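Below is one structure, written out as structure tokens, with a few remarks after it.
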Amino acid sequence: MIPKAEYQQERAPFTYLMVALFLLSGATGIVTAESTADSTTASWTLTLKGVGEETVSADAFREIKAGDGITYTAPDGSIYTGVPLKLLIGMVDDADPATFNATRAAEGYSIIIRATDWHDRIFSPSDLTDTGFCVADSVNGGLLPKQDGDIKIAPLILVGEDVPPGMGIGNIMDITLTGAAITGEAEDAVNLMVIRYDEEGGNVLNATTIDCRWMRDHLPVHGDGVTTYSFQGPTFDTADLWNPTEDKNLEKVREAPRGTAISDLCDLVGGMQEGEELRMTSTDGYVVELMYENIYTPKEKQGTAILAWETKKEGFAPEYTGGPALFFLSPDHVFGNQDMKECTDPGYWRHYWCAGTSYPSAAGLAVRNVEKLEIYTREQADWALNLSGYLTTSISKKEFEQGLACGERAHGHAMTYTDGDGHVWKGMPLYMLVGWVDDACQHDENLVDNKAYNVTLARNDAYTVILGNADGDTISFTSSEIMRNRDYLVVNQADNHTFGIDSDIWPLALRGEAVPKEKAIDGITTLTLVYDAAPSGNVKPDAMVAPFPWAAVFAGIALAGYVLRRRS
Numbered sequence: 054m055i056p057k058a059e060y061q062q063e064r065a066p067f068t069y070l071m072v073a074l075f076l077l078s079g080a081t082g083i084v085t086a087e088s089t090a091d092s093t094t095a096s097w098t099l100t101l102k103g104v105g106e107e108t109v110s111a112d113a114f115r116e117i118k119a120g121d122g123i124t125y126t127a128p129d130g131s132i133y134t135g136v137p138l139k140l141l142i143g144m145v146d147d148a149d150p151a152t153f154n155a156t157r158a159a160e161g162y163s164i165i166i167r168a169t170d171w172h173d174r175i176f177s178p179s180d181l182t183d184t185g186f187c188v189a190d191s192v193n194g195g196l197l198p199k200q201d202g203d204i205k206i207a208p209l210i211l212v213g214e215d216v217p218p219g220m221g222i223g224n225i226m227d228i229t230l231t232g233a234a235i236t237g238e239a240e241d242a243v244n245l246m247v248i249r250y251d252e253e254g255g256n257v258l259n260a261t262t263i264d265c266r267w268m269r270d271h272l273p274v275h276g277d278g279v280t281t282y283s284f285q286g287p288t289f290d291t292a293d294l295w296n297p298t299e300d301k302n303l304e305k306v307r308e309a310p311r312g313t314a315i316s317d318l319c320d321l322v323g324g325m326q327e328g329e330e331l332r333m334t335s336t337d338g339y340v341v342e343l344m345y346e347n348i349y350t351p352k353e354k355q356g357t358a359i360l361a362w363e364t365k366k367e368g369f370a371p372e373y374t375g376g377p378a379l380f381f382l383s384p385d386h387v388f389g390n391q392d393m394k395e396c397t398d399p400g401y402w403r404h405y406w407c408a409g410t411s412y413p414s415a416a417g418l419a420v421r422n423v424e425k426l427e428i429y430t431r432e433q434a435d436w437a438l439n440l441s442g443y444l445t446t447s448i449s450k451k452e453f454e455q456g457l458a459c460g461e462r463a464h465g466h467a468m469t470y471t472d473g474d475g476h477v478w479k480g481m482p483l484y485m486l487v488g489w490v491d492d493a494c495q496h497d498e499n500l501v502d503n504k505a506y507n508v509t510l511a512r513n514d515a516y517t518v519i520l521g522n523a524d525g526d527t528i529s530f531t532s533s534e535i536m537r538n539r540d541y542l543v544v545n546q547a548d549n550h551t552f553g554i555d556s557d558i559w560p561l562a563l564r565g566e567a568v569p570k571e572k573a574i575d576g577i578t579t580l581t582l583v584y585d586a587a588p589s590g591n592v593k594p595d596a597m598v599a600p601f602p603w604a605a606v607f608a609g610i611a612l613a614g615y616v617l618r619r620r621s
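Its first residue numbered 54, the sequence shown is counted upward by one per residue in the numbering used here.
What follows is the structure, encoded as structure tokens:
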């Protein structure tokens, strides 16, 4: 659990909390590599994607290692054993799984190695050596540890004498090859849609679609393709969360980009005005939002915000597999965690949760494969959902929306339900919100051993879930009734429109396939867990206050008072 003093200074946006609380929710998402809790055994799968797709089990990996294994001795003397990365790539770089295709490697493609928390490393086949890149499953004769401090390791880790500093990665779940050399076909131009909405946020005032080639040829180019720019990742140092010296974890996002200023792209549809917000959406659904100031009047330490369509390492999109991607052309070439703190409002900060600590991570803003820019002119009324259980806290409107905006990596944060009248409701499974306050573990992005949603308590009906609104209406469910059930949704929008403040539904409502009509409550402002004696004999642990307890209380009082005054 986060030390109260630290959390009171920097509250993690719900995105991050969600990004794991929902991963943590134990959801059976797209994760394809996972280790068991038993340190004496290992059961996982590694997915290889290229010309075809191969799934390598833990047993199969060990068989490959028995015949073609290599070792690597780290500077600290630890001895890793595993399989050459080139061997694994050779299994999917063409129709012959037994050899590495040197011809295709010379043509060039991208190698993306991804961890279960969606962190990744990108290499070119020209980077590789025969034995200098080792995908290891053991160290010093035993299985890899789940974590080294707050850095995830098991079940697989990339190490080796030729792996550049900072480019190693643990907790690997898949390796993907992308590019024309793999597909055998020239890829289409990468398109970008730019949209400006009216004051209500629902009607399009102006829109255009362009591609990266047009951006390069018709708008000023920013970045020289030689100078590298970085986003700082989590420090994994609880004593130095913001790291003003910018000397920790600078390699996660580090490229030499060329691109187009986002302000020039916004100007194509009329530009932005002060107080407006830009929403950038990637092809996997991940969303990053920035303020007018970040786009048009950035602070010096941020620099120009661009969408990069080319990098020195990979070339022009689509060969540049991340393009278009956000970069800040900072004067010192690093957009650090402290820069994020000083250049954006708290509602826009990104965090990475691990082992109970919320680490600021500017790299969370580094959205890639952007397919849509949307300018919103309306400033909506804020609200808070107050949660009380083992912990007491609140979730703001911004945090809730960021939780929904995490895309595929969020493993089911955002769900939809179509009712009998054809209306499409969008929101978050109720059980994920419960997992935020059901025990001491609020959120954790470690997919090796997620604990945020306490299944044991839920299964044993250790508490009752109560939802309430400002009018005093309440509905309740047993904990086992909603356990990991995605047919109970706390929704904030219908038919692609968020609820207006004048609507009786505002700010949140309960909908879903499993929700009886009489329990479809509107205007939700509170979620409370009432702990009971469970069949197993378990009872509610000693309750404790989560960060910002008084903020939750005052927000609830203010919200209820406002709604009652408005309705009266």
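The C-beta atom is built at its ideal place from N, Cα and C for all residues, glycine as well. Just so it is clear, the structure is predicted and the values come from calculations on it, not from any experiment.
- For Ala-168, the enclosing beta strand (DSSP E) has its first and last residue at 163-168.
- Secondary structure note for Asn-244: its beta strand (DSSP E) is the uninterrupted segment 244-250.
- Arg-269: member of the alpha helix (DSSP H) spanning 265-271, first to last residue.
- In the three-state reduction of the DSSP assignment, Glu-367 falls in the coil class.
- Using a Cβ-Cβ distance cut-off of 8 Å, the segment 418-428 and the segment 233-249 are in contact, since at least three pairs of beta carbons, one from each stretch, lie closer than that value.
- In the three-state DSSP reduction, Pro-399 falls in the helix class (H, G or I).
- Ser-533 and Ala-207 have their C-alpha atoms spaced approximately 31 Å apart.
- Distance from the CA atom of Pro-399 to the CA atom of Asp-392, rounded to whole angstroms, is 12 Å.
- Gly-202 places its beta carbon 7 Å or farther from that of Phe-284.
- In the structure shown, the three-state DSSP call for Gln-546 is strand.
- Setting aside the 5 residues that flank it on each side, Pro-310 is surrounded in the same chain by Gly-276, Ala-361, Thr-364, Phe-380, each with a C-beta closer than 6 Å to its C-beta; the list follows chain order.
- Taking C-beta atoms as the reference points, Thr-581 and Ile-519 count as a pair closer than 7 Å.
- If you draw a straight line from the Cα of Pro-217 to the Cα of Trp-171, it comes to about 20 Å.
- Counting along the chain, Met-344 sits inside no alpha helix (DSSP H); it lies in the beta strand (DSSP E) bounded by residues 340-344.
- Annotation: the continuous alpha helix (DSSP H) that includes Tyr-484 extends over 483-487.
- Counting every other CB atom within 10 Å of its CB across the protein chains shown gives Pro-178 a total of 16 or more, marking it as buried.
- By the Cβ neighbour-count rule, Lys-451 is buried, with 16 or more other Cβ atoms within 10 Å of its own.
- Straight-line measurement puts the Cα of Ile-448 at about 38 Å from the Cα of Cys-265.
- Between the alpha carbons of Ile-210 and Gly-375 lies a gap of roughly 22 Å.
- Nearest in C-alpha terms to Thr-184, of all of Glu-214, Asp-149, Gly-286, is Glu-214.
- For Glu-299, the closest C-alpha among the options Ala-292, Gly-286, Pro-569, Arg-564 is that of Gly-286.
- Looking at the DSSP output, Ser-335 sits in a beta bridge with Val-423.
- Secondary structure of Cys-187 (DSSP, three-state): strand.
- Contact between Gly-135 and Val-188 holds: their C-beta atoms lie close to 5 Å from each other, under 8 Å.
- Note on the segment 504-568: whole alpha helix (DSSP H) runs with a minimum of 4 residues are 508-512, 532-535, in chain order.
- Per DSSP, Lys-450 is not a residue of any beta strand (DSSP E); the alpha helix (DSSP H) it occupies stretches across 450-457.
- A distance of 7 Å or more separates the beta carbons of Met-468 and Val-543.
- Judged by DSSP secondary structure, Asp-173 falls within the beta strand (DSSP E) whose first and last residues are 173-176.
- Here the alpha carbons of Glu-252 and Glu-327 stand approximately 13 Å from one another.
- Setting aside the 5 residues that flank it on each side, Val-477 is surrounded in the same chain by Thr-469, Tyr-470, Thr-471, Ala-547, Asp-548, Asn-549, each with a C-beta closer than 8 Å to its C-beta; the list follows chain order.
- The three-state secondary structure of Asn-390, taken from DSSP, is helix.
- Counting only residues of its own chain and dropping the five nearest sequence neighbours on each side, Ala-158 has a CB closer than 6 Å to the CB of Pro-178.
- Each of Asn-513, Arg-403, Trp-559, Met-325 was checked against the Cα of Thr-430, and the nearest Cα belongs to Met-325.
- Looking at the backbone, the Cα of Lys-352 and that of Cys-396 are separated by about 6 Å.
- Among the bridge pairs identified by DSSP, Arg-307 is matched with Ser-283.
- Taking C-beta atoms under 8 Å as the contact rule, Ala-493 and Tyr-412 fail to qualify, at a distance of about 18 Å.
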